[in-house]
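The sequence shown begins at 40 in our numbering and counts up by one.
C-beta: ideal position from N, C-alpha, C; glycine also.
Take a look at the structure set out below.
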Amino acid sequence: MRGKTQEDRDLIEMLDPVAESVGFEIVRLRLMGGAEQRRLQIMAERPLLEDGTGGDMNVEDCAKLSRAVSEILDAADPISGEYTLEVSSPGVDRPLTRLKDFDDYSGLEVRIELDRVAEGRKRFKGELAGVEDGQVGLNIEGEDDTTVYFPFEWLVDAKLVLTDQLMKRGAEQRAARVAADGGDADEDDLGDDAEDEDFDLSESEED
40 MRGKTQEDRD LIEMLDPVAE SVGFEIVRLR LMGGAEQRRL QIMAERPLLE DGTGGDMNVE
100 DCAKLSRAVS EILDAADPIS GEYTLEVSSP GVDRPLTRLK DFDDYSGLEV RIELDRVAEG
160 RKRFKGELAG VEDGQVGLNI EGEDDTTVYF PFEWLVDAKL VLTDQLMKRG AEQRAARVAA
220 DGGDADEDDL GDDAEDEDFD LSESEED
């Protein structure tokens, strides 16, 4: 789910260690567009820690990761032709792309889509019920006492639903980060309802 194509997955394999070396994790990567002009979109975050910090990025973080990634891409030159690099935060109503995400955000409302029909449909909405044996649990909306489990490999898309509970959690994470940094929130910090598109840092690259 982090990468859609083999090219995406190859880039993730190359760039995961780069992101980790500067304190971030790649949530999702997409290389889009044709041969003449392409866009490399990287969505990333700080690791989510037990003390409630992490799980977000501000503008300075995006710039830091962009510089680190650009250095490796310039040296390795894995993308032919011109492209634009965009680095962003997942935002509060984030996509869930790794198995651990479904544990980290257990209890929150989510929409998921499968690559096959299950229970008579492909799309579901409900409350995350954690992970068991590599399967994602979901308390289906409108069906009391109904928890279904889907193999992680069946999921093609999953995204948190923007609810009051999610907004509160986002505010608590942001407050914990500010406290850990020992400073006050400033305009560079991501707000509770921040959308990832608002914080793209783009730069053009060419061979």
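Report the three-state DSSP secondary structure of Gly181 (helix, strand or coil). Residue 181 sits at position 142 when you count from the first residue of the sequence shown. Three-state DSSP puts Gly181 in coil, outside helix and strand.
Give me the residue from Val200, Val170, Leu177, Glu121 with the minimum Cα distance to Gly72. In the sequence shown, the residue the question calls residue 72 occupies position 33. Of the candidates Val200, Val170, Leu177, Glu121, the one whose C-alpha sits nearest the C-alpha of Gly72 is Glu121.
Which word fits Arg208, buried or exposed, when buried means at least 16 other C-beta atoms lie within 10 angstroms of its C-beta? Translated into positions along the sequence shown, residue 208 becomes position 169. With 16 or more Cβ atoms within 10 Å of its Cβ, Arg208 is classed as buried.
Check whether the Cβ atoms of Val126 and Leu199 lie closer than 9 Å to each other. Position 87 of the sequence shown, counting from 1, holds the residue named residue 126. Position 160 of the sequence shown, counting from 1, holds the residue named residue 199. No, they are not a contact pair.
Hey, out of Pro56, Thr186, Gly173, Thr185, whose CA is closest to Glu192's CA? Position 153 of the sequence shown, counted from the first residue, corresponds to residue 192. The candidate whose alpha carbon is nearest that of Glu192 is Gly173.
Under DSSP, the beta strand (DSSP E) around Ile273 begins and ends at which residues? In this structure the chain extends from 40 to 246, so residue 273 is not present and cannot be described.
Between which two residues does the beta strand (DSSP E) carrying Arg106 extend? The residue given as residue 106 occupies position 67 in the sequence shown. No beta strand (DSSP E) holds Arg106; the alpha helix (DSSP H) holding it covers 98 to 115.
If we count the other Cβ atoms within 10 Å of its Cβ and call it buried at 16 or more, is Arg58 buried or exposed? As a position in the sequence shown, residue 58 is number 19, starting the count at 1. The question names Arg, but residue 58 is Ala in the sequence shown. The residue is buried, with at least 16 neighbouring Cβ atoms inside 10 Å.
Helix, strand or coil at Lys161 according to DSSP, with G and I counted as helix: The residue you call residue 161 lines up with position 122 of the sequence shown. Reduced to three states, the DSSP call for Lys161 is strand.
May I ask whether a heavy atom of the ligand ZN can be found less than 8 Å away from the beta carbon of Asp183? Ligands displayed in this structure: none; no statement on the ligand ZN is therefore possible.
Does DSSP put Ile65 in a helix, a strand or coil? Translated into the one-based positions of the sequence shown, residue 65 becomes position 26. In the structure shown, Ile65 sits in a strand (DSSP, three-state: E or B).
For Glu110, tell me which candidate among Ser60, Leu201, Gly93, Val156 has the shortest Cα-Cα distance. What you label residue 110 is simply residue 71 of the sequence shown in a count that begins at 1. If we check each option's Cα against that of Glu110, Ser60 comes out closest.
Status (buried if at least 16 other CB within 10 Å, exposed otherwise) for Asp228: If you number the sequence shown from 1, residue 228 lands on position 189. The predicted model places Asp228 with a pLDDT of 46, which falls under 50 and marks its position as unreliable; any figure quoted below should be read in that light. Buried is the call here.
Classify Asp116 as buried or exposed, calling it buried when 16 or more other Cβ atoms lie within 10 Å of its own Cβ. In the sequence shown, counting from the first residue as 1, residue 116 sits at position 77. So Asp116 ends up on the exposed side.
Give the single residue among Leu153, Asp154, Leu147 whose Cα lies nearest to the Cα of Gly169. Locating residue 169 in the sequence shown gives position 130, counting from the first residue. The candidate whose alpha carbon is nearest that of Gly169 is Leu147.
In the structure shown, what three-state DSSP assignment does Lys198 receive? Locating residue 198 in the sequence shown gives position 159, where the first residue counts as 1. DSSP places Lys198 in strand when its eight states are reduced to three.
Can you tell me where the alpha helix (DSSP H) with Leu54 in it begins and where it stops? Indexing the sequence shown from 1 puts residue 54 at position 15. Here the alpha helix (DSSP H) through Leu54 covers 45 to 60.
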